[in-house]
Amino acid sequence: MNFVEAVKTCLSKYATFNGRARRSEFWWFYLLTCIPGFLMSLLVQWKFAKIAEIQAMAYQDLGRYQEVLAQAESYDTIFMAGSVILGLISLALFIPSLAAWVRRLHDVGKSGHMLWLILVCGIGGLIPLFMCIGDSKPGPNQYGPNPKE
Numbered sequence: 010m011n012f013v014e015a016v017k018t019c020l021s022k023y024a025t026f027n028g029r030a031r032r033s034e035f036w037w038f039y040l041l042t043c044i045p046g047f048l049m050s051l052l053v054q055w056k057f058a059k060i061a062e063i064q065a066m067a068y069q070d071l072g073r074y075q076e077v078l079a080q081a082e083s084y085d086t087i088f089m090a091g092s093v094i095l096g097l098i099s100l101a102l103f104i105p106s107l108a109a110w111v112r113r114l115h116d117v118g119k120s121g122h123m124l125w126l127i128l129v130c131g132i133g134g135l136i137p138l139f140m141c142i143g144d145s146k147p148g149p150n151q152y153g154p155n156p157k158e
């Protein structure tokens, strides 16, 4: 399964928490869900770099303080717009991402309730992630037929 097929499958099973998901389906969709977070971190870093640059400009030339302040406000607008857009994308992908996690855990023979470990601080969130690395359990299991077959 390639990237496009995985995204189509996960979005078509938007809130389907039963059944199983192949490893490729899960990991391609997981990559897609990581992209907004990565872009958000770049946006935040850009914002803080601009704040530092603007503060340096303001300290160098106090006469241009109002001009520098107006420039800072324009960056605030860009930052807020980007934050809202990326936040909405993340929100839209939350349910299908959760469903893909549950179906992937089903595929390796684990309960979707293992996702509660993500709420545990520290390494708790890594346990379900490592469980998703394994290959599908051969044949049908209590969650449905093997998606590979």
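This note's numbering runs 9 ahead of the 1-based position in the sequence shown. We put the CB at the ideal spot given by N, CA and C, even for glycine.
Annotation for Ala24: Ile104 and Ala108 place their beta carbon closer than 7 Å to its own, counting only its chain and skipping 5 residues before and after. Between the region 108-119 and the region 136-147 there are three or more C-beta pairs closer than 8 Å, enough to call the two in contact.
Rounded to whole angstroms, the separation of the alpha carbons of Leu52 and Ala81 is 15 Å. Approximately 37 Å separates the beta-carbon atoms of Trp37 and Ala61; this is outside 8 Å, ruling out the contact. Contact between the region 32-47 and the region 123-132 is absent: fewer than 3 CB-CB pairs across the two stretches fall below 8 Å.
Ile63: member of the alpha helix (DSSP H) spanning Arg32 to Gln69, first to last residue.
Cα atoms of Gly121 and Phe26: separation of roughly 8 Å, rounded to the nearest angstrom.
Gly148 and Glu158 have their alpha carbons spaced roughly 8 Å apart. Pairing Leu95 with Leu102, the inter-Cα distance amounts to about 11 Å. As the crow flies, the alpha-carbon of Met89 is around 10 Å from that of Lys56.
Note: Asn150 is bridge-paired with Gly153 in the DSSP secondary-structure output. Distance from the CA atom of Lys22 to the CA atom of Phe12, rounded to whole angstroms, is 15 Å. Taken through DSSP and simplified to helix, strand or coil, Ser145 comes out as coil.
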